[in-house]
Amino acid sequence: MRSPRGREKEVMHSSEPSVPAGLEDLLDLSVRLGSDLRLVQGAGGNLSIKTDGVLWIKASGTRLSQARTRDIFVPMDEAATREAVLVTEALTPYVLPSAQAGGLRPSIETALHVLLPHTVVVHVHGVGSIAAGLTDGVEESVRTLPADVDTVVVPYAKPGVELARAVLARTPADLTGDRPLVLVLRNHGVVVGAADSATAAEVLDRVEAHFRSASAPPADVSTDSGPLSPPGTVDATAAAVLCAGALTPDSAVFLGPAPFGRIDGGPPAADDGSPHSGFVADDGSVWLRPGLGPDEREVAASLVDAARQTDGGDVSTLSTAQVDELVTWEAEKWRQQLKR
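What the sequence shown shows, in this note's numbering, is residues 732 to 1071, in sequence order.
And the structure:
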């Protein structure tokens, strides 16, 4: 199926959904968010819009930044998907027939998107919300968010069905899409539900600004040589956070169960037998193991930024069991093989 971005004037078969005007706005928002490493890294993050009985959702393994240059959204039967998402993770059958030939899989987070009543749902791995969600201080911090949005802190849960169930358990049964909703996902990121893309973007910007302190110096994710972050970037507190363990699902999937360790100075050897993908040096610089791809480098850079912004409380990390269920998950393996 060709992307909706250029089909407004085409005549489509009755089995193919008409292109909603709101989808054009969502494509623009996708490019903006996907181009900001403080919000989206690699193929992370997902957006959706519900209209005329169709759920348009980002496909697994695709990059939001490419929303205007390649197919990254798939249309799904909204009602049928809603009925199925808590029963099965095999959701490709609910993609509309006209889009089946494209071979794209709906996002791992489809359950979360379709079960929320809001027209537009945005999920990103913002460094501000990740940093806030690493400690119990997040409960106090959200109390000072603007009163015109509903805000809920959700304990860590495996992405997909388990996360959707955790959200349902924390939100009112009579939740409507009339007011913007913010879900701060512990050890994961943030979700915003809203009536349209413009409102979702405005709320997301406010939430991330609320949580985010001064960002780290720009990381160099474009090259495999030299440090990821220069000397003085990471202090003792941030170094302890980075080396505590896997902080988020993407840190476990892309960088391993122990993403960061310590090193006297860089660069690290490629074959030193260490389980770490990244290293914090004594001078506060951060180095990555040679040979990591762009997705890994972007995830690592976002973790450095988040670690610098924690409130100094006890940091929660993913348990060994939680890491294992991520790295052995078929859905994540499939997403990994699509890296580009």
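Just so it is clear, CB atoms sit at the ideal spot from N, CA and C, and this is done for glycine as well.
- request: For E893, count neighbouring Cβ atoms within 10 angstroms of its own Cβ and tell me buried if that reaches 16, exposed if not.
  value: exposed
Local conformation of L757 per DSSP, three classes: helix
Are the beta-carbon atoms of P848 and L827 separated by less than 8 Å?
no
_Let's see if you can read the secondary structure: which residues bound the beta strand (DSSP E) around T1079?_
Absent from the model: residue 1079. The displayed extent of the chain is 732 to 1071, so no value can be given.
inquiry  = Could you tell me the alpha carbon to alpha carbon distance between F985 and A752, rounded to whole angstroms?
reply    = 35 Å
*Residue of A983, A815 and V913 minimising C-alpha distance to P877*: V913
Exercise for review: List the endpoints of the continuous alpha helix (DSSP H) containing D1055.
Suggested key: T1051 to V1058
Q: Give the secondary structure of S1005 by DSSP, where H, G and I count as helix, E and B as strand, and everything else as coil.
A: coil
Open item on the list: Classify P1021: buried if its beta carbon has 16 or more other beta carbons within 10 angstroms, exposed otherwise.
Closed with: exposed
Run the CB neighbour count on S1050, radius 10 Å, all protein chains shown included, and call it buried at 16 or more, exposed below. exposed
- Item | Backbone secondary structure at H854 - three-state DSSP | strand
For A862, I'd like the list of residues in its chain whose CB is within less than 6 Å of its CB, leaving aside the five on either flank, ordered along the chain.
A1037, Q1040 and T1041
Determine the DSSP secondary structure at P837, reduced to helix, strand or coil.
-> strand
Stretch pair the stretch 812 to 821 + the stretch 837 to 845: three plus CB contacts closer than 8 Å: yes
Evaluate G875 with the Cβ neighbour count: other Cβ atoms within 10 Å of its Cβ, from every protein chain shown; 16 or more gives buried, anything less gives exposed. A small correction: the amino acid at residue 875 is Thr; Gly does not occupy that position in the sequence shown. T875 should be labelled exposed.
* **V869 beta carbon less than 8 Å from that of V880** => no
- Item | A983 versus L778: straight-line alpha-carbon distance, rounded | 22 Å
With DSSP run on the structure shown, which of helix, strand or coil describes L959? coil
* Applying the criterion that 16 or more other CB atoms from any shown protein chain within 10 Å of the CB defines a buried residue, is A1032 buried or exposed? -> buried
| Do you know whose CA, among K789, A925, D1013 and E939, lies nearest T968's CA? | D1013
### Message
Our contact map puts Q772 next to D936 with C-beta atoms below 8 Å; I'd like the distance itself, whole angstroms only.
### Response
Wrong, their Cβ atoms sit about 18 Å apart, outside the cutoff.
- prompt: Can you tell me the Cα-Cα spacing of G908 and R896, whole angstroms?
  reply: 18 Å
To test your reading of the DSSP string, which unbroken beta strand (DSSP E) runs of 3 or more residues are found completely within the stretch 873 to 900?
881 to 885
### Query
Around the C-beta of G920, are 16 or more other C-beta atoms found within 10 angstroms, so that it is buried, or is it exposed?
buried
Span of the alpha helix (DSSP H) around L795:
Where L795 is concerned, there is no enclosing alpha helix (DSSP H), given that its DSSP letter is neither H nor E.
Discussion item. Suppose you measure from the CA of V1011 to the CA of D966; what does that come to, to the nearest Å?
Written reply: 10 Å
When you compare each of P988, T782 and R801 to A790 by their alpha carbons, which one comes out closest? R801
task: Jot down the residue ranges of each uninterrupted beta strand (DSSP E) in the stretch 904 to 985, minimum 3 residues, whole runs only, in chain order.
output: 912 to 916 and 920 to 925
Legend entry - Exposed unless 16 or more other CB atoms sit within 10 angstroms - verdict on Q952: Per the sequence shown, residue 952 should be read as Val rather than Gln. Flag for V952 reads buried.
*What residues in its chain sit with their C-beta under 7 Å from that of E1056, if we drop five residues either side in the sequence?*
K889
- Query: Taking C-beta to C-beta, are G1044 and E939 nearer than 8 Å?
  - Reply: no
### Member of S872, T930 and C974 whose CA lies at the smallest distance from the CA of R917
S872
Counting only the same chain and skipping the five closest in sequence on each side, list residues whose C-beta sits under 8 Å from that of L754. P735, I780, T782, W787 and F804
Helix, strand or coil at P751 according to DSSP, with G and I counted as helix = coil
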